[in-house]
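> Protein chains in written order, with the working numbering: chain A, 44 to 363; chain B, 44 to 363; chain C, 2 to 326; chain D, 2 to 326.
Positions of the beta carbon are idealized from the N, C-alpha and C atoms, including for glycine.
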Amino acid sequence: MPEMDAAKLKEIYATMVRIRFFEERAITEYRKGLPGFIHPSIGQEAIPAGVCAFLREDDYIITTHRGHGDIIAKGARLDRMMAELFAKETGYCRGKGGSMHIADVERNILGATGIVGDGIPIAAGVGLGCKMQNLDRVVVAFFGDGATNSGAFHEGVGLAAIWSLPVLFVCENNQFQQSTPMRDYTRLTDLADRAKAYGIPGITVDGNDAIAVAEVARESIEKCRKGEGPILVVGNTYRTVGHHMGDPGTSYRSKEEVEEWKKKDPIDRLRRQLLENKIATEAEIEEIHNATLRELDEAVKFAQESPEPKVEEALEDIYA
Amino acid sequence: MPEMDAAKLKEIYATMVRIRFFEERAITEYRKGLPGFIHPSIGQEAIPAGVCAFLREDDYIITTHRGHGDIIAKGARLDRMMAELFAKETGYCRGKGGSMHIADVERNILGATGIVGDGIPIAAGVGLGCKMQNLDRVVVAFFGDGATNSGAFHEGVGLAAIWSLPVLFVCENNQFQQSTPMRDYTRLTDLADRAKAYGIPGITVDGNDAIAVAEVARESIEKCRKGEGPILVVGNTYRTVGHHMGDPGTSYRSKEEVEEWKKKDPIDRLRRQLLENKIATEAEIEEIHNATLRELDEAVKFAQESPEPKVEEALEDIYA
Amino acid sequence: MRELTYREAIREALREEMKRDPKVFLMGEEIAEYGGSYKVTLGLVDEFGHERVRNTPLAEASIAGAALGAALVGMRPVAEIMYIDFSFIAADQIINQIAKLRYMTGGMVKVPVVIRTQGGGGVAAGPHHSQSLEAIYAHIPGLFVVMPSNAYDAKGLLKSSIREDNPVMFIEHKKLYGEACEVPEEEYLIPLGKGEIKRPGKDITVVAYSRCVLRALNAAQDLAKEGIELEVVDPRTLKPLDEDIILSSVQKTGKAMVVYEACRTGGFGAEIAAIISEKAFDYLDAPIKRVAALDSPVPFNPKMEDYVLPNEDNIKAAARELMGK
Amino acid sequence: MRELTYREAIREALREEMKRDPKVFLMGEEIAEYGGSYKVTLGLVDEFGHERVRNTPLAEASIAGAALGAALVGMRPVAEIMYIDFSFIAADQIINQIAKLRYMTGGMVKVPVVIRTQGGGGVAAGPHHSQSLEAIYAHIPGLFVVMPSNAYDAKGLLKSSIREDNPVMFIEHKKLYGEACEVPEEEYLIPLGKGEIKRPGKDITVVAYSRCVLRALNAAQDLAKEGIELEVVDPRTLKPLDEDIILSSVQKTGKAMVVYEACRTGGFGAEIAAIISEKAFDYLDAPIKRVAALDSPVPFNPKMEDYVLPNEDNIKAAARELMGK
Ligand SMILES: Cc1ncc(C[n+]2csc(CCOP(=O)(O)OP(=O)(O)O)c2C)c(N)n1
Ligand SMILES: Cc1ncc(C[n+]2csc(CCOP(=O)(O)OP(=O)(O)O)c2C)c(N)n1
Ligand SMILES: [Mg+2]
Ligand SMILES: [Mg+2]
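(1) Taking Cβ-Cβ distances shorter than 7 Å, what residues in chain A pair up with Lys304 (chain C)?
(2) Using the beta-carbon of each residue, which ones in chain A are nearer than 7 Å to Thr42 (chain D)?
(3) Could you check what DSSP says for Lys199 (chain D) in three-state terms: helix, strand or coil?
(4) Please list, in chain order, the chain A residues whose beta carbon lies closer than 8 Å to that of Gly107 (chain D).
(5) Rounding to the nearest angstrom, what Cα-Cα distance links Arg55 (chain C) and Ser162 (chain D) in this structure?
(6) Buried or exposed, going by whether 16 or more other CB atoms sit within 10 Å of the CB of Pro192 (chain D)?
(7) Could you work out which residues of chain A lie near Leu102 (chain D), taking near to mean beta carbons separated by less than 8 Å?
(8) Note down the Cα distance separating Gly120 (chain D) from Ser297 (chain D), rounded to an integer number of angstroms.
(9) Pick out the complete beta strand (DSSP E) segments inside the region 172-225 of chain A, 3 residues or longer, and give them in chain order.
(10) Name the DSSP bridge partner or partners of Met170 (chain D)?
(11) Tell me whether the beta-carbon of Leu178 (chain B) lies closer than 8 Å to the beta-carbon of Trp206 (chain B).
(12) What's the gap between the Cα of Lys209 (chain A) and the Cα of Glu271 (chain A)?
(13) Relative to the C-alpha of Ala130 (chain A), which candidate in C:Leu323, C:Lys304, C:Pro236 has its C-alpha closest?
(14) Which runs of the alpha helix (DSSP H) fall wholly inside the region 78-125 of chain D and span at least 4 residues, in chain order?
(15) Apply the 10 Å Cβ neighbour rule to Asn251 (chain A) and answer buried if 16 or more other Cβ atoms are within range, or exposed otherwise.
(16) Can you give me the start and stop residues for the alpha helix (DSSP H) that Arg337 (chain A) sits inside?
(17) Can the beta-carbon of Arg8 (chain D) be found less than 8 Å from the beta-carbon of Gly179 (chain D)?
(18) Closest by CA to Glu351 (chain C), which one among C:Ile277, C:Asn219, C:Phe269?
(19) Is it buried or exposed for His286 (chain B), if we count other Cβ within 10 angstroms and need 16 for buried?
(20) Which runs of the alpha helix (DSSP H) spanning at least 4 residues fall entirely within the region 93-133 of chain A, listed in chain order?
(21) Please list the terminal residues of the continuous beta strand (DSSP E) segment that includes Leu27 (chain C).
(22) Grab me the residues of Asn217 (chain B)'s own chain with a C-beta within less than 7 Å of its C-beta, minus the 5 sequence neighbours each way, in chain order.
(23) Given a cut-off of 8 Å on the beta-carbon distance, is the pair Val260 (chain D) and Val234 (chain D) in contact?
(24) Going by DSSP, which residues form a beta bridge with Leu5 (chain C)?
(25) Can Phe87 (chain C) be considered in contact with ligand 1, in the sense that its beta carbon sits closer than 7 Å to one or more heavy atoms?
(26) Run down chain D in chain order and give the residues with a C-beta less than 9 Å from the C-beta of Ile289 (chain C).
(27) Could I get the ranges of all uninterrupted alpha helix (DSSP H) runs contained in the region 204-281 of chain D, with 4 residues as the minimum, in chain order?
(28) Name the one or two DSSP bridge partners that Asp249 (chain A) has.
(29) Quick one: Cα of Leu22 (chain C) to Cα of Gly36 (chain C), how far?
(30) Looking at the C-beta of Glu52 (chain C), does it have a partner C-beta in chain B at a distance below 8 Å?
(31) Is it buried or exposed for Arg212 (chain C), if we count other Cβ within 10 angstroms and need 16 for buried?
(32) Do Ala67 (chain C) and Ala167 (chain B) come within 8 Å of each other at the CB atom, strictly closer than that value?
(33) Once you ignore the five residues that flank Thr335 (chain A) on each side, which residues in its own chain have a CB closer than 6 Å to its CB?
(34) Under the three-state reduction of DSSP, which class applies to Asn151 (chain A): helix, strand or coil?
(35) Please list, in chain order, the chain A residues whose beta carbon lies closer than 9 Å to that of Leu128 (chain B).
(36) Count the C-beta pairs between the region 102-114 of chain D and the region 130-140 of chain A that are closer than 8 Å, then say yes if the count reaches three, no if not.
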């Protein structure tokens with residue numbers, strides 16, 4: 044076991060559980076009739092939990108269409124997130140954004156995007172702003188493996204590299220660009236090799252091993268903070284559900300493959316580690332679960348009971 | 044000296060001279076009053092001459108704003124090129140395109156672009172078309188070092204790589220993106236390292252050594268033809284004139300640097316090699332020069348005497 | 002006659018053209034096994050294989066650029082941009098290269114590229130997946146812009162688009178995919194640039210395209226009960242635009258309304274209104290009305306979305322106003 | 002009073018705002034030692050250093066995206082896109098992110114980004130360096146679109162743009178850089194969204210912006226000799242558009258012409274014409290004329306270019322037609 048204190052490990056575990064349970068609950072609610080799309084990250088939770096474990100409160104993140112996990116790991120409130128999925132006035136975006144656009148500027152969660160890849164140059168700019176103002180802050184850009192194909196990735200990482208910006212680029216590599224497996228969009232077997240085009244470090248980590256992710260993140264974040272950024276970290280993982288709620292996730296991969304990955308579930312894995320190493324007791328773990336479930340009951344209640352936005356508010360927040 | 048026959052070496056030399064003299068003449072004419080911009084490639088001629096020496100007639104090229112050299116090397120007519128710079132009806136684009144847009148489909152010169160980087164994905168598509176139709180043809184995409192910063196580069200090379208297309212990507216690295224030196228836009232010192240992001244070969248060559256370029260090109264073109272493409276070749280060179288006619292080229296580099304590079308002039312170099320190795324005589328070389336000058340006199344005459352397009356033709360070639 | 006949905010009609014057009022001409026092929030994100038976001042291309046990979054139904058990397062600029070390149074050497078690509086919202090990533094290739102290359106080379110090359118994409122709101126997909134952006138492409142010389150409003154038109158227009166030697170933006174509407182109408186088994190083509198009167202009427206000319214044709218037809222049905230007869234004119238292609246069918250309708254009715262789902266300001270309906278006001282001014286006996294989306298991104302909340310997008314009620318209200326009722 | 006060129010006035014606005022507010026900085030291609038393609042930023046790097054006058058890689062999407070990111074954390078970037086023709090590469094960031102982020106987050110963030118760029122023809126720069134593309138950005142809710150026609154306006158509007166907490170597309174015209182007019186030494190601001198009557202006249206309202214204001218003023222001078230008095234209205238910003246100044250002029254003259262350098266079809270002049278025809282219909286006694294570029298890429302040959310772009314003669318001819326002469 045690593046040199047992380049028990050509290051931190053339990054915190055990481057709790058974060059993963061929060062993400063998983065939030066999304067499971069969101070799926071349930073979605074099936075009952077929420078609007079729009081949601082893209083769950085089930086199976087991928089170790090990456091946001093591990094990366095955000097060593098971010099400071101005033102560090103920034105920017106994420107993607109599959110961003111619930113990243114946002115929760117950075118500390119967002121589940122009730123306001125849920126309310127946003129319900130398209131309510133109390134949602135983070137007052138019902139205007141939905142699942143793909145949640146932000147929480149109080150917690151320096153600068154937003155998500157429905158346009159894959161776009162967050163990467165934006166994160167470079169956040170890094171620039173931090174550096175120019177000597178803010179001593181780091182920004183993490185989360186994105187998927189498919190996003191590394193985009194021009195936005197190239198331009199964004201390129202800019203961060205030449206200006207040595209404090210940006211940690213975190214690729215949540217679930218090995219599929221929607222339905223297209225890695226082997227069909229790149230010759231690389233290790234996406235961290237993309238870093239070589241920019242002369243920056245590229246580090247690959249088992250993205251289902253929360254502790255390993257956290258170790259890599261801790262080191263990388265500190266390097267970025269010291270001016271040794273940017274760094275690219277690729278966590279290899281797997282989404283064990285469909286691309287979004289409309290996708291059974293069966294046309295482009297085998298049941299066996301999905302089952303194999305379910306066995307490598309990152310939450311189960313950390314739980315075993317916590318128990319085996321006597322870092323947490325069954326009871327403590329159960330309490331983490333129960334507390335989260337209670338919080339989610341509250342969150343759903345909050346979302347349900349919150350008012351709808353007034354339709355005229357559609358025209359607010361537009362200045363030209 | 045390499046295993047290239049004397050005829051080929053003289054051909055390469057003649058090509059370089061054609062490029063140089065064409066551009067020098069274009070500059071003279073421009074100073075007398077041609078419209079628009081021209082971007083001369085003086086100092087960079089070894090790359091197009093070397094690369095095109097081993098292209099077949101039915102192979103394709105696509106080039107850039109600084110494309111005169113590439114186009115001449117692929118065999119375009121100097122008179123129709125000159126006429127285009129004069130904006131005449133007999134110009135390659137009938138006066139609609141100008142220096143940055145010359146194409147000659149008869150010679151499989153598919154065009155140039157004023158938008159830096161855009162030719163790269165287009166070249167990937169040409170490669171795709173060749174492959175899908177089993178055409179046994181190769182396409183060369185010429186572009187500058189600055190273009191490797193663009194998303195278009197990333198996406199175009201990425202696509203060619205995953206589909207193993209017969210595309211040779213040739214970076215004419217004159218070490219400046221307009222006024223910005225390499226060290227200000229990338230951490231890389233060898234731009235061929237960009238290839239590592241796509242799992243394709245990246246080869247660096249002295250871009251002022253026409254023979255070395257031709258050797259690398261011959262091998263790379265054959266590999267592409269055999270299905271081992273794409274390949275990235277970076278020729279390191281220098282533009283010894285300004286970015287375009289409006290730029291004295293002095294604000295972003297020292298006179299000394301320019302003078303150093305003038306000493307490495309690729310045409311002088313090959314001439315010396317031809318003479319020292321008794322591949323060509325002074326008389327032969329003089330005849331190459333003189334023949335080119337005569338051709339250019341004809342070309343300028345042709346351009347001068349050609350009619351202007353009728354202005355109403357501005358509306359031709361538009362279908363929607 | 003058999004009915005097909007818009008989705009099926011488009012798929013059938015693709016299938017027929019691919020069978021007819023081996024140079025026709027498809028490229029785009031997730032179009033093979035997955036069948037595309039709205040399942041339009043579902044099954045085509047089984048029939049034509051991965052050579053001709055090509056999944057691409059997530060890299061829209063290269064999708065468009067490579068389509069152009071392939072077209073330059075004799076292929077006839079149908080490239081899909083999954084949502085028109087993402088087309089901005091490809092817009093430089095579409096606008097600066099695809100639309101202009103024939104022109105820039107003095108006519109030396111042909112550019113038989115079809116960009117298939119879809120737009121529009123109505124599924125609570127939020128601001129990045131709901132836009133109506135046809136005005137942007139219709140402003141660009143060289144691009145055909147096609148926006149079919151029903152399955153029959155979609156099939157005939159797509160087949161013509163694929164046979165066209167110049168680039169076509171073929172813009173579908175996500176809320177039309179499930180709409181069905183009669184589509185004959187026999188082959189037919191619809192020429193690009195010819196509009197159609199979807200419903201004749203004597204009182205007001207309503208120019209509408211894509212999903213707004215449905216909205217206009219629904220409104221017309223209701224208004225007929227009030228004695229107001231809308232003439233619903235569907236130009237079907239915005240570029241080239243069938244000005245004649247619009248102007249002769251306005252000459253008849255003397256009143257004009259333009260309905261479009263894009264943001265009101267700078268939408269293509271402004272162009273249509275400007276044409277009418279310039280070329281049929283003497284026939285007009287009332288201001289030209291525009292019924293369009295409010296100038297807003299498309300919000301996620303479905304009620305807000307409904308509020309922002311134009312609907313039957315807006316059309317009816319405008320019609321009554323035009324009739325002075 | 003001293004005169005400044007448009008170029009100098011813009012440079013002075015940048016300098017003053019950079020001095021006033023340390024958060025203001027410039028980024029773009031070749032803007033430092035080189036001073037930008039049209040030398041607008043020449044010398045500023047000497048004054049403010051490379052930290053605040055940042056040369057970027059050739060990567061327009063990242064220029065726009067990074068400007069947004071920097072703005073999100075308190076900076077006030079002025080990002081330059083060298084030619085508006087290249088802005089398509091950045092268009093996804095500009096339109097989908099910069100324009101919408103405040104909205105999408107329910108108002109949580111401010112986006113003080115200025116995108117400075119320049120467009121227009123007249124220097125034989127060919128189809129990739131001569132476009133007029135304002136209509137595309139003016140169609141997008143959330144973006145201010147500013148198009149100054151002289152040095153005085155350019156300075157005052159740019160200073161306001163830099164102080165605006167929402168994104169601004171600030172579109173200069175390459176043929177105006179050398180034009181001079183009086184610009185006071187004292188600081189002044191011009192509010193975004195306020196037009197100005199550049200020449201009063203009673204016969205025809207001519208709405209023109211950017212370089213077309215010059216064309217209209219020249220035409221007006223000639224026409225005055227024929228007894229036709231044009232009222233030249235310069236909205237200065239297209240978004241927000243000063244509808245009042247346009248409509249009240251039309252109410253006075255009863256005749257309207259819109260002049261713009263973009264392609265006629267789908268240009269922003271169509272929007273202006275549509276507004277007039279909707280909101281001032283009862284005052285109009287003639288069709289609304291549009292004088293614009295022909296629907297063509299801008300060709301290289303200077304005479305062809307002149308043929309394609311709108312000019313004084315076109316304005317005069319349209320005016321005479323409107324006056325029935
Ligand atoms: C620019 C853009 N292109 C395409 C899409 C449609 N799309 C949404 S998610 C996705 C796959 C993204 O893959 P990846 O980056 O690996 O993220 P993942 O979904 O696997 O988390 C695609 C193609 C999009 N939203 N944006
Ligand atoms: C997309 C785009 N951005 C910017 C420019 C302006 N520009 C023209 S050439 C050039 C530098 C290109 O550098 P490089 O690719 O190295 O080519 P070089 O000019 O050195 O041959 C720039 C910035 C352009 N034409 N297109
Ligand atoms: Mg993925
Ligand atoms: Mg260069």
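Let's see:
(1) Working through the third sequence from its first residue, we reach residue 304 (chain C) at position 303. Neighbours of Lys304 (chain C) on chain A, chain order: Glu351, Val354.
(2) For the purposes of this step, residue 42 (chain D) is identified with residue 41 of the fourth sequence, where counting begins at 1. Within 7 Å Cβ-Cβ: nothing; Thr42 (chain D) doesn't reach chain A, min ~18 Å.
(3) If you number the fourth sequence from 1, residue 199 (chain D) lands on position 198. Residue state for Lys199 (chain D) is assigned as strand, using DSSP reduced to three classes.
(4) For the purposes of this step, residue 107 (chain D) is taken as residue 106 along the fourth sequence, with counting starting at 1. The contacting residues are Gly134, Tyr135, Cys136, Arg137, Gly138, Lys139, Gly140, Asp360.
(5) Residue numbering aside, residue 55 (chain C) sits at position 54 when the third sequence is read from its first letter. Residue numbering aside, residue 162 (chain D) sits at position 161 when the fourth sequence is read from its first letter. Here the C-alpha atom of Arg55 (chain C) lies approximately 45 Å from the C-alpha atom of Ser162 (chain D).
(6) By 1-based counting over the fourth sequence, the position of residue 192 (chain D) is 191. Around the C-beta of Pro192 (chain D), fewer than 16 other C-beta atoms lie within 10 Å, and the residue is accordingly described as exposed.
(7) As a working mapping, residue 102 (chain D) is identified with position 101 in the fourth sequence. Taking the beta carbon of Leu102 (chain D) as reference, the chain A residues within 8 Å of it are Gly154, listed in sequence order.
(8) Locating residue 120 (chain D) in the fourth sequence gives position 119, counting from the first residue. Locating residue 297 (chain D) in the fourth sequence gives position 296, counting from the first residue. Those two C-alpha atoms are separated by around 16 Å.
(9) Runs found: 182-187, 210-216.
(10) Residue mapping note: residue 170 (chain D) aligns to position 169 of the fourth sequence, counting from 1. DSSP, once it has assigned bridges, lists D:Ile116, D:Val146 as partnering Met170 (chain D).
(11) Taking the first residue of the second sequence as position 1, residue 178 (chain B) is located at position 135. Taking the first residue of the second sequence as position 1, residue 206 (chain B) is located at position 163. Not closer than 8 Å, so no.
(12) Numbered from 1 along the first sequence, position 166 holds the residue referred to as residue 209 (chain A). Numbered from 1 along the first sequence, position 228 holds the residue referred to as residue 271 (chain A). According to the sequence provided, residue 209 (chain A) is Pro. The question's Lys does not apply to it. If I take the Cα positions, the gap works out to 7 Å.
(13) In the first sequence, the residue the question calls residue 130 (chain A) occupies position 87. That would be C:Lys304, whose Cα lies nearest to the Cα of Ala130 (chain A).
(14) Within the region 78-125 of chain D, the complete alpha helix (DSSP H) segments at least 4 residues long are 88-92, 102-105, listed from N- to C-terminus.
(15) In the first sequence, the residue the question calls residue 251 (chain A) occupies position 208. Classification of Asn251 (chain A): buried, given that the 10 Å Cβ count is 16 or more.
(16) Locating residue 337 (chain A) in the first sequence gives position 294, where the first residue counts as 1. Per DSSP, the unbroken alpha helix (DSSP H) holding Arg337 (chain A) starts and ends at 325-348.
(17) As a first step, residue 8 (chain D) is located in the fourth sequence; it is residue number 7 there, counting from the start. As a first step, residue 179 (chain D) is located in the fourth sequence; it is residue number 178 there, counting from the start. Yes. Within cutoff.
(18) The structure shown has nothing for residue 351 (chain C), since chain C only spans 2 to 326.
(19) Within the second sequence, the letter at position 243 stands for residue 286 (chain B). It counts as buried.
(20) The alpha helix (DSSP H) runs lying completely inside the region 93-133 of chain A and spanning 4 residues or more are 111-116, 121-128, given in chain order.
(21) Start at 1 with the first residue of the third sequence, and residue 27 (chain C) comes out as number 26. Note, Leu27 (chain C): beta strand (DSSP E), 25-29.
(22) Mapped onto the second sequence, residue 217 (chain B) falls at position 174. Excluding sequence neighbours, Asn217 (chain B) sits near Gln87, Gly187, Asp188, Thr280, Tyr281, Arg282.
(23) Walking along the fourth sequence from the start, residue 260 (chain D) turns up at place 259. Walking along the fourth sequence from the start, residue 234 (chain D) turns up at place 233. Taking 8 Å as the Cβ cut-off, Val260 (chain D) and Val234 (chain D) do not qualify as a contacting pair.
(24) The residue you call residue 5 (chain C) lines up with position 4 of the third sequence. C:Cys182.
(25) Here the question's residue 87 (chain C) lines up with position 86 in the third sequence. The answer is yes for Phe87 (chain C).
(26) On the third sequence, residue 289 (chain C) is found 288 positions in, with the first residue counted as 1. Listed along chain D, the residues sitting closer than 9 Å to Ile289 (chain C) by beta-carbon distance are Ala275, Ser278, Glu279, Phe282.
(27) Whole alpha helix (DSSP H) segments, 4+ residues: 212-226, 244-254, 269-280.
(28) Translated into the one-based positions of the first sequence, residue 249 (chain A) becomes position 206. Its beta-bridge partners are A:Asn279.
(29) Here residue 22 (chain C) corresponds to residue number 21 of the third sequence, with the count starting at 1. Here residue 36 (chain C) corresponds to residue number 35 of the third sequence, with the count starting at 1. For the sequence presented, residue 22 (chain C) should be read as Asp rather than Leu. C-alpha separation (whole angstroms): 21 Å.
(30) If you number the third sequence from 1, residue 52 (chain C) lands on position 51. Answer yes: the Cβ-Cβ gap between Glu52 (chain C) and chain B drops below 8 Å somewhere.
(31) Here residue 212 (chain C) refers to the residue found at position 211 when the third sequence is read from its first residue. Under this definition Arg212 (chain C) is a buried residue.
(32) Here the question's residue 167 (chain B) lines up with position 124 in the second sequence. Here the question's residue 67 (chain C) lines up with position 66 in the third sequence. Taking the C-beta atoms as reference points, Ala67 (chain C) is found nearer than 8 Å to Ala167 (chain B).
(33) Numbered from 1 along the first sequence, position 292 holds the residue referred to as residue 335 (chain A). Excluding the 5 residues flanking it on each side, Thr335 (chain A) has same chain C-beta neighbours closer than 6 Å at Val60, Arg61, Phe64, in chain order.
(34) Position 108 of the first sequence, counted from the first residue, corresponds to residue 151 (chain A). Three-state result, Asn151 (chain A): coil.
(35) What you label residue 128 (chain B) is simply residue 85 of the second sequence in a count that begins at 1. Listed along chain A is no residue with a C-beta nearer than 9 Å to that of Leu128 (chain B); the closest approach is about 32 Å.
(36) As far as the Cβ criterion goes, the region 102-114 of chain D touches the region 130-140 of chain A, which means the pair count is three or higher.
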